[in-house]
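Structure first, commentary second.
There are 2 protein chains.
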Amino acid sequence: MADDSEDDPEIIIGGLQIDVLEGAFSWYIRSLDSVVSADLDRRMAHLSIAQGKGRITALLLVDDYPGIRPSQIADVLMRDRPATGRIVDRLVQAGAVRRETAPDDLRAQALFITPTGHRLADEIRDIVRAQEAEFFDFIPEADRDQFMRMLKRAYLNMRKKWD
Amino acid sequence: MADDSEDDPEIIIGGLQIDVLEGAFSWYIRSLDSVVSADLDRRMAHLSIAQGKGRITALLLVDDYPGIRPSQIADVLMRDRPATGRIVDRLVQAGAVRRETAPDDLRAQALFITPTGHRLADEIRDIVRAQEAEFFDFIPEADRDQFMRMLKRAYLNMRKKWD
DNA sequence: CTTTATTGATTGTGAATGACAACTTTATGC
DNA sequence: GCATAAAGTTGTCATTCACAATCAATAAAG
Numbered sequence: 026m027a028d029d030s031e032d033d034p035e036i037i038i039g040g041l042q043i044d045v046l047e048g049a050f051s052w053y054i055r056s057l058d059s060v061v062s063a064d065l066d067r068r069m070a071h072l073s074i075a076q077g078k079g080r081i082t083a084l085l086l087v088d089d090y091p092g093i094r095p096s097q098i099a100d101v102l103m104r105d106r107p108a109t110g111r112i113v114d115r116l117v118q119a120g121a122v123r124r125e126t127a128p129d130d131l132r133a134q135a136l137f138i139t140p141t142g143h144r145l146a147d148e149i150r151d152i153v154r155a156q157e158a159e160f161f162d163f164i165p166e167a168d169r170d171q172f173m174r175m176l177k178r179a180y181l182n183m184r185k186k187w188d
Numbered sequence: 026m027a028d029d030s031e032d033d034p035e036i037i038i039g040g041l042q043i044d045v046l047e048g049a050f051s052w053y054i055r056s057l058d059s060v061v062s063a064d065l066d067r068r069m070a071h072l073s074i075a076q077g078k079g080r081i082t083a084l085l086l087v088d089d090y091p092g093i094r095p096s097q098i099a100d101v102l103m104r105d106r107p108a109t110g111r112i113v114d115r116l117v118q119a120g121a122v123r124r125e126t127a128p129d130d131l132r133a134q135a136l137f138i139t140p141t142g143h144r145l146a147d148e149i150r151d152i153v154r155a156q157e158a159e160f161f162d163f164i165p166e167a168d169r170d171q172f173m174r175m176l177k178r179a180y181l182n183m184r185k186k187w188d
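For the record, the sequence lines run as chains A and B.
Take the first sequence: its letter number 70 is residue 95 in this note's numbering, and every next letter is one higher.
Take the second sequence: its letter number 34 is residue 59 in this note's numbering, and every next letter is one higher.
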């Protein structure tokens, strides 16, 4: 733990207190998300599939799981099928992913990465790692593991509740 | 700390690993945000100013700081002035907030809560507290303080970086 | 004073998101 | 075979958010 972990100062922004939100998980999670997402978008702005958390996750999944189906991606993203379908559309348009019909189920699609998509996936991994190192440098080294464990547990429990 | 705090299981969703995102703060923050926001929206769906994190924050601020200016709210929300102006528009339309011209600066506005807005603010406080208690019940009691401290520190450092 | 720059706020516009309903095609269960 | 469920697509709609341009008022500079 970092040395100053025990102090719990009132959060004040531009001289203002934020009422009940000061003690609300939701406030901090939402605020962090908006800045983190904006930062990630900036870092990926030069890529053909920039903008939007769904696309990068989908691309990595296709790269890791040849033949994966859109509905599986939808499950990971917690999105509905239309939203996921449009994400796949973009990946196909960008030449990163190829659609085939799943051999065992003619309703379903099997998605495959292209050479372009594979290169893109590698770039994305680098960008994500860079963001973790650079953007989150404000999290003291000593706190990282613990913060990550808590986030993971929160995430897992939230998903359990969700499904 | 809760007793199982030391295990660090690989995150697997629907049988799939999530590549580099498995170790990325950004993934968990984004995922948590989308579910928390959806949950909060549901809880507020019956209110006249439902939907959107900006409105509830703005209303609470006006309730707490009579005469506050839109630009101050924009600073807290980390939004630009047009976005904030439209949030105030909605609050005024809903009869929750009243605009006046700031006496000391004729360009600026001074915002004041109405009786309706004050009641609404109280309802919102209850909803936020209820969500903290009910939605985040998956965070073990023993972890709450620490998780909150870490979120606050992350938030403060992020804002420092932002400004 | 008068000119210039800055600040507070509004309007317009465009891109993107995400959710929901309706529909087509294929599988599955009885 | 027939009804039901599942996979994907299309259409639509409401929101959101950011950027540019504009207007009015203040502050600063000469």
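The C-beta atom is built at its ideal place from N, Cα and C for all residues, glycine as well.
- Within chain A, no C-beta atom comes less than 7 Å from the C-beta of Ile-112 (chain B); the nearest is roughly 14 Å away.
- The Cβ-Cβ distance between Asp-44 (chain A) and Leu-131 (chain B) does not fall below 9 Å.
- Of A:Arg-154, A:Thr-126 and A:Asp-168, the smallest CA-CA separation from Ser-51 (chain B) is found for A:Arg-154.
- Following the DSSP letters along the chain, one finds Leu-136 (chain B) inside the beta strand (DSSP E) bounded by residues 134-138.
- For Arg-115 (chain A), the CB contacts under 7 Å within the same chain, skipping 5 residues up- and downstream, are Ile-74 and Arg-80 in chain order.
- DSSP places Arg-111 (chain A) in the uninterrupted alpha helix (DSSP H) bounded by 106-118.
- Residue burial is scored here from C-beta neighbours: Thr-82 (chain B) has at least 16 other C-beta atoms within 10 angstroms and is therefore classed as buried.
- Contact check for Val-122 (chain B) and Phe-137 (chain B): beta-carbon distance about 7 Å, within the 8 Å limit, so the pair qualifies.
- Along the segment 155-169 of chain A, the positions whose C-beta sits under 7 Å from a C-beta of chain B are Gln-156, Glu-157, Phe-161, Phe-163, Ile-164 and Asp-168, read in chain order.
- Contact between Ala-135 (chain B) and Glu-148 (chain B) fails: their C-beta atoms lie close to 24 Å from each other, not under 8 Å.
- Taking 9 Å as the CB threshold, Pro-34 (chain B) lines the interface with chain A.
- Taking 9 Å as the upper bound on Cβ-Cβ separation, chain A lies near residues Leu-65, Lys-78, Ile-81, Thr-82, Leu-85, Leu-86, Asp-88, Asp-89, Tyr-90 and Ile-93 of the segment 65-95 of chain B.
- In this chain, Arg-68 (chain A) is not harboured by any beta strand (DSSP E); it is covered by the alpha helix (DSSP H) spanning 50-69.
- Only those residues of the segment 172-183 of chain B whose C-beta falls short of 9 Å from the nearest C-beta of chain A are listed: Phe-172, Met-173, Arg-174, Met-175, Leu-176, Lys-177, Arg-178, Ala-179, Tyr-180, Leu-181, Asn-182 and Met-183.
- Judged by DSSP in its simplified three-state form, Arg-124 (chain A) adopts strand.
- Beta-bridge partners assigned by DSSP to Gln-42 (chain B): B:Ile-37.
- Its chain contains Ala-75, Gln-76, Ile-81, Ile-149 and Ile-152 as the residues whose beta carbon lies nearer than 8 Å to that of Met-69 (chain A), once the 5 sequence neighbours on both sides are disregarded; these appear in chain order.
- Straight-line measurement puts the Cα of Ala-49 (chain B) at about 28 Å from the Cα of Asp-105 (chain B).
- Under the three-state reduction of DSSP output, Ile-93 (chain B) falls in the strand class.
- Under the three-state reduction of DSSP, Leu-131 (chain B) is assigned to coil, being neither helix nor strand.
- The three-state secondary structure of Ala-75 (chain A), taken from DSSP, is coil.
- Ranked by Cα distance from Arg-94 (chain B), the first of B:Pro-128, B:Gly-40 and B:Ala-63 is B:Pro-128.
- Contact with chain B is absent for Leu-116 (chain A), since none of that chain's Cβ atoms lies less than 9 Å from the residue's Cβ.
- Against Leu-136 (chain B), chain A offers no close residue; the least beta-carbon distance is about 13 Å (beta-carbon pairs closer than 9 Å).
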